[in-house]
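Contents: one structure, followed by commentary.
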Amino acid sequence: MATINNRIDMPLDEIEIGTVFRSGGRTITEADVVNYCALTGNWIEIHSNTHYAAQTRFGERIVQGSLTYSLLTGLIQFGPSIQANYGIDNLRYLKPVLIGDTIYATAEVIGKKDKDDEYGVVTFLMKALNQDGYVVQKSEWSLLMLRKRDDLDALVGSSVPTERPKD
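Residues in the sequence shown are numbered from 217 upward in steps of one, following the working numbering.
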């Protein structure tokens, strides 16, 4: 049975290859699609024109692949050990995502390597599943992250304020 385990809070040295993180679901709405069109300028008719989309192989408007990917990266929550996006490889759109579909994310650790004493790169096999369990999108996403617990604790300790006593 799959459980929700979508928060990656550990440094690279504590992550094990084969670990799978899973999210809860997120239903993609009409507002999401229209707002994404406005934000990105991606008014391609398959996303924004109902009449046009009805004539296509999908028979209706579909959600932008980049919107699906953006939501996917938010469904898996990355803690402060993540320092930067390192790259996306082999991004594939396997099935259309429709307005009203609910997507779920999985992120399987498929690789990790040290860059230096402080940083390393972790690679996840990211998948978006729809409400029926079909993989609609997948990619390999690499992130630069802190390697050691001590470095992570020091960063968090220096960046989170503590409450001061009243004057």
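All C-beta atoms, glycine included, are put in the ideal place defined by N, C-alpha and C.
C-beta atoms of residue i and residue j nearer than 8 Å
i	j	result
residue 360	residue 335	yes
residue 317	residue 347	yes
residue 271	residue 308	no
residue 231	residue 328	yes
residue 249	residue 283	yes
residue 227	residue 368	yes
residue 260	residue 314	no
Nearest-angstrom Cα separation, counted from residue j out to residue i
i	j	result
residue 300	residue 262	32 Å
residue 386	residue 237	Here the chain has residues from 217 to 383 only, and residue 386 is not among them.
residue 379	residue 370	18 Å
residue 374	residue 286	29 Å
residue 276	residue 247	16 Å
residue 306	residue 376	37 Å
For residue i, three-class secondary structure by DSSP
i	result
residue 383	coil
residue 370	helix
3-residue-minimum beta strand (DSSP E) runs that sit fully inside the stretch 220 to 296, ordered along the chain
236 to 243
Complete runs of the beta strand (DSSP E) confined to the stretch 298 to 376 [at least 3 residues]
298 to 309, 318 to 330, 335 to 345 and 351 to 362
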